[in-house]
Amino acid sequence: MKQGPLRRVSKKQAKELAVRAALKRELLEECDHTCMTCNNLRLDFRGLSLSHVIALGSGGKTARDNCLIECYPCHDDYEKHAERRPEWQKAKFNIV
Ligand SMILES: [Zn+2]
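Residue numbering for the sequence shown follows the numbering used here, beginning at 249 and increasing consecutively.
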């Protein structure tokens, strides 16, 4: 059987992507396009990432109380190491 060039996403994946994009737009406006962790200024939509404080794989949700806008260096440093996050983030997101 022939396969199309594009892999289709499931309805669940499509919904997750839509929720993520909407939340990212909302948070970007709130932080004025600045990394919420290092305050790196005015990066564009592609330069900033929506980070999950508790990773999706560990039961974290794509929601305002579990997400931050971060530049890619911060995203890479912290997404897998919540314990290294700054104190204010640990307090805000209940990281122990
Ligand atoms: Zn940063």
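Here a beta-carbon is modelled for each residue, glycine too, at the ideal position from N, C-alpha and C.
With a Cβ-Cβ cutoff of 8 Å, do residue i and residue j count as a contact?
i       : j       : result
Glu-327 : Ala-303 : yes
Leu-276 : Arg-312 : no
Leu-296 : Glu-318 : yes
Asp-325 : Arg-332 : yes
Thr-310 : Val-267 : yes
Gly-308 : His-300 : yes
Could you check the C-alpha separation between residue i and residue j for me, to the nearest Å?
i       : j       : result
Asp-390 : Asn-342 : Since the first residue shown for the chain is 249 and the last is 344, residue 390 is missing from the structure and cannot be characterised.
Ala-339 : Ala-330 : 12 Å
Ala-269 : Trp-336 : 25 Å
Cys-283 : Tyr-320 : 9 Å
Pro-334 : Asn-288 : 15 Å
Ala-262 : Leu-254 : 14 Å
Gly-305 : Val-344 : 18 Å
Glu-278 : Leu-298 : 13 Å
Could you tell me how far apart the beta carbons of residue i and residue j are, in whole angstroms, since I believe they sit closer than 8 Å?
i       : j       : result
Cys-286 : Cys-315 : Between Cys-315 and Cys-286 the Cβ distance is about 16 Å, and since that is not below 8 Å, they are no contact.
Q) What does the shell around ligand 1 hold, if a residue joins when its beta-carbon is under 7 Å from any heavy atom? A) Cys-283, Thr-285, Cys-286, Asn-288, Glu-318, Cys-319, Pro-321, Cys-322
Q: Kindly provide the ranges of any beta strand (DSSP E) runs that are 3 or more residues long and lie completely inside the stretch 263-309, ordered along the chain.
A: 296-300
**Q.** Within the stretch 313-338, ranges of the beta strand (DSSP E) (whole runs, at least 3 residues)
**A.** 315-319
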